[in-house]
Amino acid sequence: MIVSGLWRYPVKSMGGEPLREARVDPWGIAGDRRWMVVDRSGKKPWAGEFRQLAGVSAVQTGDGGVRLRAAGHPDLHLAEPVGGEPVEVTLRGVGRAVSAGDAADAWLCAALGLDVRLVWLDEPARRPMSESHGGRPGDVLSFADAAPLLLTTEPSLRQLDAWIADNGGGPVPMTRFRPNLVVDGEMAAFAEDGWGEVRVGEVLFRFAEHCDRCAVTTLDPATGRTAKEPIRTLAKHRRWDGNVWFGVRIVPVNPGTIAVGDPVQPL
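5 is the number of the first residue of the sequence shown in my numbering; add one for each residue after it.
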């Protein structure tokens, strides 16, 4: 088994970027979800309701900043707003973040058609991971929902696509599930459900929880349209405890570097 894909999402809920190699920090892949869009009350808009968020892409730049891109708008490059204005945010365990500045807010308002602002998490090590999501004392995360990384596997997606095809549907791209780490190789579909620990290259990861999936996976970022898949088929084959499931959330046990092609060894 090997790493077949690595992804980073510099801005929460926006399109991400594929990587060949990534540094893994205690809170996840370096640069992952360090930025977030919030409304004027500090609340994060839900991508399932505000679909235009997925139509904006973000790429991390060499200085640790980001470059934002949206159709019909010039690209915007932002440096890390060190020392910027503090902003109250409602995301659990954060409390405050740093404003990206007026230029970023104006660009986002024009690109999204929403009265929003962009904020940056200056110190991810201060946000604790919740015990309800498998966190242990000392576990931390960025603006990610529940755990530092999400792992998915190609055999599981192939099985899901086969189930969808049985109902006359087409394949679903892995990007719909917004994984950080994708694994391929000789394994059964959904084998990752039973991994307690997994070594990827030089980094050891611990299972935190299975990942429940929402309607955001039905959204095509290119068109802004939604469909019934993959939720309909997951509800038929992968439903328990009132949710549907695909992928597992994991926590790094040690920092290090991982790369596409690295060996993957469940322990």
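Idealized CB from N, CA, C, for every residue including glycine.
Checking the sheet assignment: what are the DSSP bridge partners for residue i?
{"i": "G278", "result": "In this structure the chain extends from 5 to 271, so residue 278 is not present and cannot be described."}
{"i": "D216", "result": "W249"}
{"i": "M40", "result": "V123"}
{"i": "P22", "result": "W11"}
{"i": "P256", "result": "F209"}
{"i": "A263", "result": "E25"}
{"i": "W244", "result": "N247"}
Whole angstroms is fine: what's the gap from residue i's alpha carbon to residue j's?
{"i": "E89", "j": "G59", "result": "27 Å"}
{"i": "R131", "j": "A212", "result": "16 Å"}
{"i": "Q64", "j": "R71", "result": "6 Å"}
{"i": "D109", "j": "L57", "result": "14 Å"}
{"i": "V28", "j": "T157", "result": "19 Å"}
{"i": "G142", "j": "V187", "result": "27 Å"}
If you check the beta carbons only, do residue i and residue j fall under 8 Å apart?
{"i": "P14", "j": "P259", "result": "no"}
{"i": "A51", "j": "D67", "result": "no"}
{"i": "A101", "j": "V86", "result": "no"}
{"i": "L153", "j": "I6", "result": "no"}
{"i": "V123", "j": "A150", "result": "no"}
With residue i as the anchor, note down where its alpha helix (DSSP H) starts and where it stops.
{"i": "R73", "result": "Careful: R73 lies outside any alpha helix (DSSP H), inside the beta strand (DSSP E) at 70–73."}
{"i": "Q163", "result": "158–170"}
{"i": "H77", "result": "Element bounds for H77: n/a, residue is neither H nor E."}
{"i": "R236", "result": "235–241"}
{"i": "A34", "result": "A34 -> no alpha helix (DSSP H), and no H or E assigned at all."}
With a cut-off of 8 Å, does the C-beta of residue i fall near any C-beta of chain B?
{"i": "A219", "result": "The displayed structure is made up of one protein chain only, and chain B is not part of it."}
Around the Cβ of residue i, are there at least 16 other Cβ atoms within 10 angstroms (buried) or fewer (exposed)?
{"i": "C215", "result": "buried"}
{"i": "D266", "result": "buried"}
{"i": "T94", "result": "exposed"}
{"i": "E190", "result": "exposed"}
On the DSSP letters alone, give me the boundaries of the beta strand (DSSP E) that residue i sits inside.
{"i": "A101", "result": "100–103"}
{"i": "A62", "result": "61–64"}
{"i": "V176", "result": "Taken as a continuous stretch (DSSP letters only), V176 belongs to no beta strand (DSSP E), as it is neither H nor E."}
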